[in-house]
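Chains as they are written, first to last, in the numbering used here: chain A, 2 to 115; chain B, 6 to 121. Positions of the beta carbon are idealized from the N, C-alpha and C atoms, including for glycine.
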Amino acid sequence: SQTIHQWPATLVQPVGSPLSLECTVEGTSNPNLYWYRQAAGRGLQLLFYSVGIGQISSEVPQNLSASRPQDRQFILSSKKLLLSDSGFYLCAWSVDSRADPEAFFGQGTRLTVV
Amino acid sequence: AQKVTQAQTEISVVEKEDVTLDCVYETRDTTYYLFWYKQPPSGELVFLIRRNSFDEQNEISGRYSWNFQKSTSSFNFTITASQVVDSAVYFCALSEEADSWGKLQFGAGTQVVVTP
Chain A
2 SQTIHQWPAT
12 LVQPVGSPLS
22 LECTVEGTSN
32 PNLYWYRQAA
42 GRGLQLLFYS
52 VGIGQISSEV
62 PQNLSASRPQ
72 DRQFILSSKK
82 LLLSDSGFYL
92 CAWSVDSRAD
102 PEAFFGQGTR
112 LTVV
Chain B
6 AQKVTQAQTE
16 ISVVEKEDVT
26 LDCVYETRDT
36 TYYLFWYKQP
46 PSGELVFLIR
56 RNSFDEQNEI
66 SGRYSWNFQK
76 STSSFNFTIT
86 ASQVVDSAVY
96 FCALSEEADS
106 WGKLQFGAGT
116 QVVVTP
């Protein structure tokens, strides 16, 4: 069965420090991968998605970047964190299939920038 | 523009009452999917149900049921005989064929509080 791992679970970082959040998927090949952010107030916003190695699409301009160095690995990064980067970050995967369009989510990383 | 609207911010019920969550969506695609996800206090989003735009048949799965009406662009979700474990934030989401399947546009969520 497919599983998705995301770490760390919580992170407190000072303003201006770098960030690296990692997500890996097991049990499937060539998944679509996604990074979402959930700010206070619950709304979920898609930040990046990837349909293959090295292929990254950014949905909103921001202080963050994403990379996909391997088929089942998706990394969210920042060179210098801002206070506004605080939030709950969720990684997700799906198959690009009309038959199975649902996305499955990791357990999330709660990031607090201080 | 917001494509998925969940007008209810919070619903509080007593255990065993039914809970209906409203969802209204907007799309120009003729092929799309609608979903409901549950987010318990732990934070992980859990996939519950999906419905495609060509299937308006309403279904029941255990204590969950949903009512999909294209004429009113609504996809409502009902929890029957609620339990304390149903307390969570529930999200309605839309995925459109013109976009990548799996790219979800979420509503703002509805907090459900079930008290004993």
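Going along chain A in order, which residues have a C-beta closer than 9 Å to the C-beta of TYR38 of chain B?
Chain order gives the chain A residues near TYR38 of chain B as ARG99, PRO102, GLU103, where near means a beta carbon separation below 9 Å.
Spatial neighbours of SER2 of chain A in its chain, beta-carbon cut-off 7 Å, leaving aside the 5 residues before and after
GLY28
So, do the region 66 to 82 of chain B and the region 54 to 71 of chain A have three or more beta carbon pairs nearer to each other than 8 Å?
Contact between the region 66 to 82 of chain B and the region 54 to 71 of chain A is absent, because fewer than three Cβ pairs lie under 8 Å.
Contact set for SER58 of chain B: own chain, Cβ-Cβ below 6 Å, skip 5 residues either direction
THR36, TYR37
ILE5 of chain A and PHE89 of chain A look like a contact to me (Cβ under 8 Å); what is the Cβ gap, rounded to whole Å?
Not a contact, Cβ separation roughly 15 Å.
Considering only residues of the region 35 to 92 of chain B, which uninterrupted beta strand (DSSP E) runs meet the minimum length of 3 residues and lie entirely inside it, listed in chain order?
37 to 44, 51 to 57, 64 to 66, 69 to 74, 79 to 84
In the DSSP output, what is TYR110 of chain B paired with across the bridge?
Note that residue 110 of chain B is Gln in the sequence shown here, rather than Tyr. Per DSSP, B:LEU99.
According to DSSP, is SER85 of chain A part of a helix, a strand, or is it coil?
For SER85 of chain A, the secondary structure class from DSSP, reduced to helix, strand or coil, is helix.
Report the three-state DSSP secondary structure of ARG99 of chain A (helix, strand or coil).
coil
Measure the CB-CB distance between LEU77 of chain A and LEU65 of chain A and report whether it falls below 8 Å.
yes
Please list, in chain order, the chain B residues whose beta carbon lies closer than 7 Å to that of SER87 of chain A.
Within chain B, no residue comes near SER87 of chain A; the closest Cβ sits about 14 Å away, beyond 7 Å.
Is the region 107 to 120 of chain B touching the region 8 to 28 of chain B in the sense that three or more CB pairs, one from each, lie closer than 8 Å?
yes
Proximity to ALA93 of chain B [Cα-Cα], best of B:GLY114, B:THR85, B:PHE73:
B:GLY114
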